[in-house]
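Participant: Once you've had a glance at the structure underneath, I'll fire off some questions.
In this note's numbering, the protein residues as written are 2 to 91.
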């Protein structure tokens with residue numbers, strides 16, 4: 002059971018991580034590009050994407066997001082088990 006939960010967590014984490022990284026990477030890259038291109042802060046929507054970031058940055062972002070997602074899923078599983086144990090004890 003733990004393996005299937007870990008596999009599901011890893012799969013969900015990878016999907017969530019990619020989606021979040023696309024947003025986070027684009028936002029960070031846009032801010033950086035905007036600072037160079039538009040010093041007055043006029044905006045630079047759509048200048049960069051997650052794919053335009055260096056590979057090591059993308060990899061670290063995905064790892065961080067995946068670890069947070071897996072941690073959240075493990076905590077949720079622990080809460081479900083604790084709730085089930087309390088219900089059985091009643």
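C-beta: ideal position from N, C-alpha, C; glycine also.
Note that the structure is predicted; figures quoted are calculated from it, not measured.
Rounded to whole angstroms, what is the Cα-Cα separation between residue 47 and residue 53?
Facilitator: With a pLDDT of 49 at residue 47, under the threshold of 50, the modelled position of this residue cannot be trusted; read the value that follows with caution. Between residue 47 and residue 53, the C-alpha separation is close to 12 Å.
Participant: May I have the straight-line CA-CA distance separating residue 99 from residue 91, to the nearest angstrom?
Facilitator: Since the first residue of the chain shown is 2 and the last is 91, residue 99 is not available in this structure.
Participant: Can you tell me whether DSSP reads residue 63 as helix, strand or coil?
Facilitator: Looking at residue 63 - three-state DSSP - the assignment turns out to be helix.
Participant: If I'm right that residue 51 touches residue 64 with Cβ under 8 Å, what's the distance once you round it to whole angstroms?
Facilitator: At roughly 14 Å, the Cβ-Cβ gap does not stay under 8 Å, so residue 51 and residue 64 are not in contact.
Participant: Got a sec: is the Cβ-Cβ distance from residue 57 to anything in chain C below 8 Å?
Facilitator: Among the chains of the structure shown, chain C does not appear; only one protein chain is present.
Participant: Using only the alpha-carbon positions, how far apart do residue 84 and residue 77 sit?
Facilitator: If I take the Cα positions, the gap works out to 11 Å.
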